[in-house]
Structures are given as C-alpha cells and as structure tokens.
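> From first to last, the protein sequence lines are chains A and B. Here the first sequence stands for residues 1 to 113, numbered as in this note's numbering. Here the second sequence stands for residues 114 to 231, numbered as in this note's numbering. Glycine included, every Cβ here is placed at the ideal spot set by N, Cα and C.
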Amino acid sequence: ETGVTQSPTHLIKTRGQQVTLRCSSQSGHNTVSWYQQALGQGPQFIFQYYREEENGRGNFPPRFSGLQFPNYSSELNVNALELDDSALYLCASSLGAGAYEQYFGPGTRLTVT
Amino acid sequence: AQSVTQLGSHVSVSEGALVLLRCNYSSSVPPYLFWYVQYPNQGLQLLLKYTTGATLVKGINGFEAEFKKSETSFHLTKPSAHMSDAAEYFCAVSDLNAGGTSYGKLTFGQGTILTVHP
Numbered sequence: 001e002t003g004v005t006q007s008p009t010h011l012i013k014t015r016g017q018q019v020t021l022r023c024s025s026q027s028g029h030n031t032v033s034w035y036q037q038a039l040g041q042g043p044q045f046i047f048q049y050y051r052e053e054e055n056g057r058g059n060f061p062p063r064f065s066g067l068q069f070p071n072y073s074s075e076l077n078v079n080a081l082e083l084d085d086s087a088l089y090l091c092a093s094s095l096g097a098g099a100y101e102q103y104f105g106p107g108t109r110l111t112v113t
Numbered sequence: 114a115q116s117v118t119q120l121g122s123h124v125s126v127s128e129g130a131l132v133l134l135r136c137n138y139s140s141s142v143p144p145y146l147f148w149y150v151q152y153p154n155q156g157l158q159l160l161l162k163y164t165t166g167a168t169l170v171k172g173i174n175g176f177e178a179e180f181k182k183s184e185t186s187f188h189l190t191k192p193s194a195h196m197s198d199a200a201e202y203f204c205a206v207s208d209l210n211a212g213g214t215s216y217g218k219l220t221f222g223q224g225t226i227l228t229v230h231p
C-alpha cells in the first residue's frame, strides 16, 4: 500500500510568482485535503477535494486554488505569492468527504523571498 | 468557530518520567478528537483518536488520552518517556454536523514541543 506522497520536497519562489504543489493520495482514498503550516504554528485547513470538486474551504483567499484528477491526485496552486505564504504545505488523503481519519504526506516546504 | 488550545508550547521531561500534554477544545457538541505527532521535517502521524465509546483511548508508542466532556479536555499521557518521543505534538478536532458525521476538516492546536532529557 502506497502512502501519501508530495512533490516537490522544497521550493523557493519570488514574491508575485505562481506555484503548483502536487499530491498523490493513498491507494484507495478518494478525498484530498490541503493544509498550510506556518513556522511554529499548527496546520490550517485550506480546502478539501472530493470526486474532483472542492468540498469545503478554510479562510484562504481565492488565489489559493486546487484541482483533483480522476486518479484522485491533487494540485494546490497559489498565485501572486506573498512572503507570508512561506510555510509547509501538507496534503492529507482520506476515504470519503466526511472522513475524519486523514493520512498526511511529508509536506512541501515553500519559501517565498 | 471551533478552537483548540494546547497549554504549554514546550514541555520538558526526563527519560522515564510521565508525559502529560494538555489539550482543550471549544465546542458545545463534543467533536471527534485526535493527537498527531510530527518529527522534524516530516508530516503528521496519527497517534490516537476518540470518536465514540470508551473515553480512555490507547494509541501507538504507549500513548493514551482521556476524553473528559465536562472539562472539554483531551489530554495526552505516557507513563514513561523515551528519548524517541521527542517531537512536536498536535491536538486536533473534527466538528460534527447535525447528522453526527464529520465535516472532514481538522482544526489543530498550536502544538507542543516535547523534549526528553537523558
């Protein structure tokens, strides 16, 4: 059974640029949630994708967007990067939109300069 | 909005001593409750969860937690700390809708860094 994988591991971008982060869900899981973890903070819910549609969103601006593909993998896109977007971005997969048991990937560390 | 408070951003114990990490939530309806552990430069690993039933929950690596509705608490304990327990620990909740099922969104506390001294 393959766990949740994320790519890339690390990324450095310049303010104003755009970035795409990728996540492959655990085998058999059809739901992906994205979280932002700023340094010294707990993860914050960005949004969730279920059956290729957004299913719930946290308090993040529209420049944070996502996609889910038929194989249940997912992308997180962030436009017009700001310095405060520097964080660890975590992807979690689960079986079902209301599933509370989520399995996390190792994360992508994004640094915005 | 649901919130989770972890008392103490840093906890330091000696190897073999009791570990107690505190977590309180704010919700009039008991949510589902979780503890996750995060080792440096890694993602989150589920330690244990409470959904329904027995209020004392046992997890991996000898950890356990007790749900106390009257105190809106879900404190994490381990009788004897090991050096390998040094990590950051997060308490999280998942709110339930009117039907009693989870929204699928986790709300996390700020985290507690556990240091274990030899």
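As an exercise, report each continuous beta strand (DSSP E) stretch of at least 3 residues that is fully enclosed by the region 135-204 of chain B, in chain order.
Qualifying beta strand (DSSP E) stretches, in chain order: 137-139, 145-151, 157-163, 169-171, 177-181 and 186-191.
> Tell me whether L83(A) sits in a helix, a strand or coil according to DSSP, three-state version.
Three-state result, L83(A): helix.
> Tell me whether the beta-carbon of G107(A) lies closer than 7 Å to the beta-carbon of T5(A).
The answer is no: Cβ separation not under 7 Å.
> When the Cα atoms are used, what is the spatial distance from L81(A) to L88(A)?
The straight-line gap from Cα to Cα measures roughly 14 Å.
> Please classify A38(A) as buried or exposed, where buried requires at least 16 other C-beta atoms within 10 Å of its C-beta.
Classification for A38(A): exposed.
> Compare the C-beta of S197(B) with all C-beta atoms of chain A and state if any pair is closer than 7 Å.
No, because no Cβ of chain A sits closer than 7 Å to the Cβ of S197(B).
> Which class does Q17(A) belong to by DSSP, given the choice of helix, strand or coil?
Three-state DSSP puts Q17(A) in coil, outside helix and strand.
> What residues match up with R109(A) in a beta bridge as DSSP calls it?
Note: R109(A) sits in a beta bridge opposite H10(A) and L88(A).
> Along the beta strand (DSSP E) that carries L77(A), what are the first and last residues, could you check?
Checking the sequence, you will find Asn at residue 77(A) rather than Leu. S74 to V78 is the span of the beta strand (DSSP E), which, as asked, contains N77(A).
> For E53(A), report the span of its beta strand (DSSP E) as first-last.
It spans E53 to R57 - the beta strand (DSSP E) in which E53(A) sits, taken as one unbroken run.
> To the nearest whole angstrom, what separates the beta carbons of P43(A) and L90(A), a pair I think is in contact under 8 Å?
Contact flag correct, Cβ pair sits at about 6 Å.
> Can you confirm whether P43(A), when its beta carbon is compared against all beta carbons of chain B, has any partner nearer than 7 Å?
Answer yes: the Cβ-Cβ gap between P43(A) and chain B drops below 7 Å somewhere.
> CB-CB under 6 Å to S139(B), same chain, minus the five flanking residues each way: which ones, in chain order?
Closer than 6 Å at Cβ, skipping near neighbours: S116.
> Excluding five sequence neighbours on each side, which residues of the same chain lie with their C-beta closer than 8 Å to the C-beta of A205(B)?
Taken in chain order, the residues that qualify are V117, L146, F147, W148, Y149, L219, T220, F221 and G222.
> Report the three-state DSSP secondary structure of Y103(A) (helix, strand or coil).
Of the three classes helix, strand and coil, the one that applies to Y103(A) here is strand, per DSSP.
> For a test of the three-state rule: what should DSSP assign to V4(A), helix, strand or coil?
V4(A): coil per DSSP, three-state reduction.
> Determine the DSSP secondary structure at R22(A), reduced to helix, strand or coil.
In this structure, R22(A) counts as strand in the three-state DSSP scheme.
> Can the beta-carbon of A194(B) be found less than 7 Å from the beta-carbon of V132(B)?
The answer is yes: Cβ separation under 7 Å.
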